[in-house]
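What follows is a set of notes on a single structure, which appears directly below.
Number of protein chains: 2
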Amino acid sequence: MASLPEIQAMKRALELAFLGRKAAFPNPMVGAVILDSSGNIVGEGFHEKCGAPHAEIAALSEAGAAASSGTIVVSLEPCCHYGRTGPCTDAIISAGIRRVVIAMRDPHPNVSGKGITQLESSGIEVETNVLFDEAESLNRVYLHYLRTSRSWITLKMALSIDGRTAAKDGSSRWLSCEESRKHVHRMRGSVQAVMTGGGTVRDDDPRLTSRGSDDPGEQQPARIIVSATGDLGNSRKIFENPGRVIIAVPENVAGSLQKFQSEFGADVWEFPADFSGYGFNLTLLLERTASEGFGEILCECGRGLATMLLRKQLVNTLSVFTTPMILGGEGLPAFEELGIDSMDDSIKLENVRSSLLGTDTHLEGELVYRID
Amino acid sequence: MASLPEIQAMKRALELAFLGRKAAFPNPMVGAVILDSSGNIVGEGFHEKCGAPHAEIAALSEAGAAASSGTIVVSLEPCCHYGRTGPCTDAIISAGIRRVVIAMRDPHPNVSGKGITQLESSGIEVETNVLFDEAESLNRVYLHYLRTSRSWITLKMALSIDGRTAAKDGSSRWLSCEESRKHVHRMRGSVQAVMTGGGTVRDDDPRLTSRGSDDPGEQQPARIIVSATGDLGNSRKIFENPGRVIIAVPENVAGSLQKFQSEFGADVWEFPADFSGYGFNLTLLLERTASEGFGEILCECGRGLATMLLRKQLVNTLSVFTTPMILGGEGLPAFEELGIDSMDDSIKLENVRSSLLGTDTHLEGELVYRID
Chain S
1 MASLPEIQAM KRALELAFLG RKAAFPNPMV GAVILDSSGN IVGEGFHEKC
51 GAPHAEIAAL SEAGAAASSG TIVVSLEPCC HYGRTGPCTD AIISAGIRRV
101 VIAMRDPHPN VSGKGITQLE SSGIEVETNV LFDEAESLNR VYLHYLRTSR
151 SWITLKMALS IDGRTAAKDG SSRWLSCEES RKHVHRMRGS VQAVMTGGGT
201 VRDDDPRLTS RGSDDPGEQQ PARIIVSATG DLGNSRKIFE NPGRVIIAVP
251 ENVAGSLQKF QSEFGADVWE FPADFSGYGF NLTLLLERTA SEGFGEILCE
301 CGRGLATMLL RKQLVNTLSV FTTPMILGGE GLPAFEELGI DSMDDSIKLE
351 NVRSSLLGTD THLEGELVYR ID
Chain X
1001 MASLPEIQAM KRALELAFLG RKAAFPNPMV GAVILDSSGN IVGEGFHEKC
1051 GAPHAEIAAL SEAGAAASSG TIVVSLEPCC HYGRTGPCTD AIISAGIRRV
1101 VIAMRDPHPN VSGKGITQLE SSGIEVETNV LFDEAESLNR VYLHYLRTSR
1151 SWITLKMALS IDGRTAAKDG SSRWLSCEES RKHVHRMRGS VQAVMTGGGT
1201 VRDDDPRLTS RGSDDPGEQQ PARIIVSATG DLGNSRKIFE NPGRVIIAVP
1251 ENVAGSLQKF QSEFGADVWE FPADFSGYGF NLTLLLERTA SEGFGEILCE
1301 CGRGLATMLL RKQLVNTLSV FTTPMILGGE GLPAFEELGI DSMDDSIKLE
1351 NVRSSLLGTD THLEGELVYR ID
């Protein structure tokens, strides 16, 4: 059993871990707290970014000699292998730590219980699964990446109560209230990349940057444009604003994008043409985005891309802003056909969060697909 | 300015008024509190039902001689005309009341400021518009009836996040969670009548009674079946359960309903056939329901009747239970075409209330239609 001070220290470790949310990926976010033998906090640390010290090393370094005979409380199982940094288990053993409290095992094949075994075989007491659910939720992007090698997709939508994205004539300004629009800017500021479809870029010429932050040095998310045709019309804003822009297209259409490469320095990613999907296989795209360091991607797109992502079961979180408004059966629907024939096939949301944002309702949850 | 004890007394008067919610209609709900000259509550009353004493009379009767030189705090302007009971203004003047605090004027043509004038001309101090918004909201059914001669329609819907009422194959069990279904039973228990369409009765054979109440003597709402064809199939449950059942049809189809009249004692209301609507003019139906004492009607119906009620601007409150589930573009839509071409034509909700019910979100608001 973890003691009350240890549980408090774990809450702090989870908070510290979250500070790595923008740069830790593809590593997990990890936080660590050192308690001395009297239970006082003598060191804290978190994993800031790939290549930087692990949370345990940062916390041990802050604690110094005070760590001896103490306890380390850490949000993920310490590593036991040589990566870019030495194994944390060695550092914990050398520091004279007596007890290790861990929120969850690291499922990474190089760790996966071996860290715990190594600590225990050195005579250290190990307690696991302390605030497990919180730790699992915190690292959902990392855990998803270990399982699938893909980026985590959060699909954002603005809908009327009757599930319409726009009126019959295509107008949708303003389907969301000001508070909702501000919240979307904060969401953009918390992810590594924002994704949209070529049609949205062509028709709306959006910026998709995070605006209205209090932080003047805020780094803009990369923008990823997914296009089956390579036709981005005369769009400019998405390229002119700060931050990397990537255009993902089937290989047969990349030629038409030279002006965006030469004029704006956009990257063009080509994928084998595949007409069963969105011009190419979106799974390949999300593997590439993950390998280039985009852990979570906020997708703000039209019906076509949203439908294809759902059909391929590639959406992980759905984030819906519902406006108290009716647009009728003639309004444009949220999705095209998804292959849902009966209630049994429906896509369900779990871990649902709901809140009021101005006059809108904001609902988020993780998608649970029917297992085929 | 009203004093703090007077405002507190008005809150109490509004609570008292609400006790009349099931039987006061077509009269308003009214509550009254008498404060003696030291500000102590010496009498309380409310209007229980049509024909029973008015709130002021009940409160004055409880206060007796203590009302002299006191204040009456009442949620609606006292009447000054002879109806089924004598004018309240006379009783207030006779009781020696010095000051009258009123939440809102009664827009009824027989009152409409004349009560206030009569009190003032007797030398009584009158303060109005104390907790006006609360009083207006409390009596929205009465005020709507004065303006339109119609019943107030609350349209209840259960939807997926993407605004679908059922999956492609028509299945919808269970689109709402258990807590939402319990809440619907409480809603049925709080209205005088529940309305549904003939198709729902034919296909689902529902009871539409209020079940699960703690009150064993609970009175069941009347059930009103609206049918363009008179074809109710082999439905039985809606007729077999306690409470009045009314079948509203165009006059040309009433013949087929004799078995429901003779076997179950159902009432059949015939209206002139009108093929521009739902077989007949629904406005006439809602005038008849109001004249028969149904102030608020909870409508639990299919897409056809819901669409027609919205097109005719007859829905007053929309009450939506949204389940965290996606049913896709092939799911059955909430409404058919409503004649909404652009965002300007959208039907908006005001006074929005939102809450979590189990895993569902419950959203209610009053509809604001575009003025043609």
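Those protein sequence lines, which keep their order, are chains S and X.
Take the first sequence: its letter number 8 is residue 8 in our numbering, and every next letter is one higher.
Take the second sequence: its letter number 354 is residue 1354 in our numbering, and every next letter is one higher.
Every residue, glycine too, gets a C-beta built ideally from N, C-alpha and C.
Legend entry - From GLY331/S, SER38/S, ILE225/S, residue whose alpha carbon lies closest to that of SER235/S: Here residue 235/S refers to the residue found at position 235 when the first sequence is read from its first residue. Closest option to SER235/S, Cα to Cα, is ILE225/S.
Inset, instruction - Note down, in chain order, every chain S residue with its Cβ under 9 Å from the Cβ of THR1071/X. - result: Residue numbering aside, residue 1071/X sits at position 71 when the second sequence is read from its first letter. Per Cβ cutoff of 9 Å: no residues; THR1071/X is ~38 Å from chain S at best.
Inset, instruction - Just grab the DSSP bridge partners of PRO1250/X for me. - result: Taking the second sequence and counting its residues from 1, one reaches residue 1250/X at position 250. PRO1250/X pairs with PHE1271/X.
Inset, instruction - For the beta strand (DSSP E) holding ALA1193/X, just list the boundary residues, first then last. - result: Within the second sequence, numbered from 1, the residue matching residue 1193/X stands at position 193. Where ALA1193/X is concerned, the enclosing beta strand (DSSP E) stretches over 1193-1197.
Inset, instruction - Determine contact between the segment 159-173 of chain S and the segment 1159-1178 of chain X, defined as no fewer than three beta-carbon pairs at a distance below 8 Å. - result: Contact between the segment 159-173 of chain S and the segment 1159-1178 of chain X is present: 3 or more CB-CB pairs across the two stretches fall below 8 Å.
Inset, instruction - Taking a Cβ distance cut-off of 9 Å, strictly less, list which residues of the segment 1318-1336 of chain X are near chain S, in chain order. - result: Residues passing the 9 Å Cβ filter: LEU1318, VAL1320, THR1322, THR1323, PRO1324, MET1325, ILE1326, LEU1327, GLY1328, GLY1329, GLU1330, GLY1331, PRO1333, ALA1334, PHE1335, GLU1336.
Inset, instruction - Going by DSSP, name the residue or residues bridged to ILE326/S. - result: The count along the first sequence starts at 1 and reaches residue 326/S at position 326. ILE326/S is bridged by DSSP to ILE1347/X.
Inset, instruction - Check whether the Cβ atoms of GLY1277/X and GLY1197/X sit closer than 7 Å, and answer yes or no. - result: The residue given as residue 1277/X occupies position 277 in the second sequence. The residue given as residue 1197/X occupies position 197 in the second sequence. In terms of Cβ geometry, GLY1277/X and GLY1197/X do not form a close pair [threshold 7 Å].
Inset, instruction - State buried or exposed for GLN1219/X, treating a residue as buried only when at least 16 other CB atoms are found within 10 Å of its CB. - result: On the second sequence, residue 1219/X is found 219 positions in, with the first residue counted as 1. The residue in question, GLN1219/X, is exposed, as its Cβ has fewer than 16 Cβ neighbours within 10 Å.
Inset, instruction - To the nearest angstrom, report how far apart GLY96/S and ASN139/S are at their CA atoms. - result: One-based indexing of the first sequence puts residue 96/S at position 96. One-based indexing of the first sequence puts residue 139/S at position 139. Pairing GLY96/S with ASN139/S, the inter-Cα distance amounts to about 29 Å.
Inset, instruction - Answer with yes or no whether the minimum CB distance from LYS377/S to chain X is below 7 Å. - result: In the structure displayed, chain S extends from 1 to 372; residue 377/S sits before or after that span and is not available.
Inset, instruction - Indicate the three-state DSSP secondary structure (helix, strand or coil) for GLU1015/X in the structure shown. - result: Taking the first residue of the second sequence as position 1, residue 1015/X is located at position 15. Helix, per DSSP.
Legend entry - 7 Å Cβ cutoff, LYS1168/X in contact with chain S: The count along the second sequence starts at 1 and reaches residue 1168/X at position 168. Taking Cβ atoms only, chain S reaches closer than 7 Å to LYS1168/X, which makes this a yes.
Legend entry - Neighbouring residues, chain S, relative to MET1343/X (Cβ below 9 Å): Translated into positions along the second sequence, residue 1343/X becomes position 343. Per Cβ cutoff of 9 Å: ALA166, ALA167, ASP169, SER171, SER172, ARG173, TRP174, LEU175, MET325, LEU327.
Inset, instruction - Would you check if there are 3 or more beta carbon pairs closer than 8 Å linking the segment 1013-1021 of chain X to the segment 342-354 of chain S? - result: Contact between the segment 1013-1021 of chain X and the segment 342-354 of chain S is absent: fewer than 3 CB-CB pairs across the two stretches fall below 8 Å.
Inset, instruction - Would you mind working out which of ALA52/S, HIS54/S, VAL100/S sits nearest ALA67/S, comparing C-alpha positions? - result: Position 67 of the first sequence, counted from the start, is the residue given in the question as residue 67/S. Comparing C-alpha distances from ALA67/S to each of ALA52/S, HIS54/S, VAL100/S shows the shortest one belongs to VAL100/S.
Legend entry - Which listed residue (PHE1239/X, VAL1194/X, GLU1127/X, LEU1314/X) has its alpha carbon closest to that of SER1003/X: The residue given as residue 1003/X occupies position 3 in the second sequence. Checking every option, the nearest Cα to that of SER1003/X belongs to GLU1127/X.
Inset, instruction - Quickly, what does DSSP pair ASP106/S with across the bridge? List them, please. - result: Taking the first sequence and counting its residues from 1, one reaches residue 106/S at position 106. Answer by DSSP bridge pairing: none, since ASP106/S is not bridged.
Inset, instruction - Look at ILE1340/X and LEU327/S and say whether their C-beta atoms are less than 7 Å apart. - result: For the purposes of this step, residue 1340/X is identified with residue 340 of the second sequence, where counting begins at 1. For the purposes of this step, residue 327/S is identified with residue 327 of the first sequence, where counting begins at 1. A contact, by the Cβ cut-off of 7 Å.
Inset, instruction - Please name the residue, chosen from ALA290/S, SER172/S, GLU263/S, GLU330/S, that lies closest to THR323/S on a Cα-to-Cα basis. - result: For the purposes of this step, residue 323/S is taken as residue 323 along the first sequence, with counting starting at 1. The shortest Cα separation from THR323/S among ALA290/S, SER172/S, GLU263/S, GLU330/S belongs to SER172/S.
Inset, instruction - Verify the CB distance criterion: does ILE161/S have a CB-CB separation below 7 Å to chain X? - result: Mapped onto the first sequence, residue 161/S falls at position 161. ILE161/S counts as touching chain X.
Legend entry - Nearest candidate by alpha-carbon position, reference LYS168/S, set ASP1345/X, LEU1356/X, SER1354/X: Position 168 of the first sequence holds residue 168/S. Considering only alpha carbons, the answer is ASP1345/X.
Inset, instruction - Report the neighbours of SER235/S on chain X: residues whose CB is nearer than 9 Å to its CB, in chain order. - result: Indexing the first sequence from 1 puts residue 235/S at position 235. Result: empty, since nearest Cβ-Cβ is about 23 Å, beyond 9 Å.
Inset, instruction - With DSSP as the reference, please indicate the residues paired to HIS1362/X in a beta bridge. - result: Here residue 1362/X refers to the residue found at position 362 when the second sequence is read from its first residue. Paired residues: PHE1321/X, SER1355/X.
Inset, instruction - Quick one: give me the first and last residue of the beta strand (DSSP E) that LEU1159/X is part of. - result: One-based indexing of the second sequence puts residue 1159/X at position 159. Segment 1152-1160, the beta strand (DSSP E) holding LEU1159/X.
Inset, instruction - Identify the continuous alpha helix (DSSP H) that holds CYS88/S and give its terminal residues. - result: Counting from 1 along the first sequence, the entry for residue 88/S is found at position 88. For CYS88/S, the enclosing alpha helix (DSSP H) covers residues 88-94.
Legend entry - Buried or exposed (CB count within 10 angstroms, at least 16 for buried), HIS1054/X: Sequence index remark: in the second sequence, residue 1054/X carries index 54 (1-based). The residue is buried, with at least 16 neighbouring Cβ atoms inside 10 Å.
Inset, instruction - Compare the C-beta of ILE340/S against all C-beta atoms of chain X and say whether one is closer than 7 Å. - result: Reading the first sequence from its first residue, position 340 is the one you call residue 340/S. Interface annotation, ILE340/S: in contact with chain X, CB-CB separation under 7 Å.
Inset, instruction - Leaving aside the five residues before and after PRO1107/X along the sequence, list all residues of the same chain whose C-beta is less than 6 Å from its C-beta, in chain order. - result: Translated into the one-based positions of the second sequence, residue 1107/X becomes position 107. Hits under 6 Å: LEU1146.
Inset, instruction - Establish whether the CB of GLY1365/X and some CB of chain S are separated by less than 7 Å. - result: Locating residue 1365/X in the second sequence gives position 365, where the first residue counts as 1. Residue-level contact check: GLY1365/X touches chain S, since one or more beta carbons of chain S fall below 7 Å from its beta carbon.
Inset, instruction - Let me know if ALA1065/X comes out buried or exposed under the rule of 16 or more other beta-carbons within 10 Å of its beta-carbon. - result: The residue labelled residue 1065/X in the question sits at position 65 within the second sequence. By the 16-neighbour rule on beta-carbons within 10 angstroms, ALA1065/X is exposed.
Legend entry - chain X within 7 Å of SER94/S, Cβ atoms only: Taking the first sequence and counting its residues from 1, one reaches residue 94/S at position 94. With 7 Å as the cut-off, SER94/S does not count as an interface residue toward chain X.
Legend entry - Opening and closing residue of the alpha helix (DSSP H) in which GLU1178/X lies: In the second sequence, residue 1178/X corresponds to position 178, counting from 1. Unbroken alpha helix (DSSP H) run through GLU1178/X: 1178-1189.
Inset, instruction - Determine, using beta-carbon pairs with one atom in the segment 1026-1045 of chain X and one in the segment 1069-1076 of chain X, whether at least three such pairs fall under 8 Å. - result: Yes: the two stretches touch, three or more of their Cβ pairs being nearer than 8 Å.
Inset, instruction - List the residues of chain X whose Cβ lies closer than 7 Å to the Cβ of LEU356/S, in chain order. - result: By one-based count along the first sequence, residue 356/S stands at place 356. Those within 7 Å of LEU356/S in chain X are SER1354.
Legend entry - Close-in-space but distant-in-sequence residues of the same chain around ARG1012/X (CB under 6 Å, 5 per side omitted): The residue given as residue 1012/X occupies position 12 in the second sequence. Around ARG1012/X, the same chain offers VAL1033 as residues with beta carbons nearer than 6 Å, after the five sequence neighbours per side are excluded.
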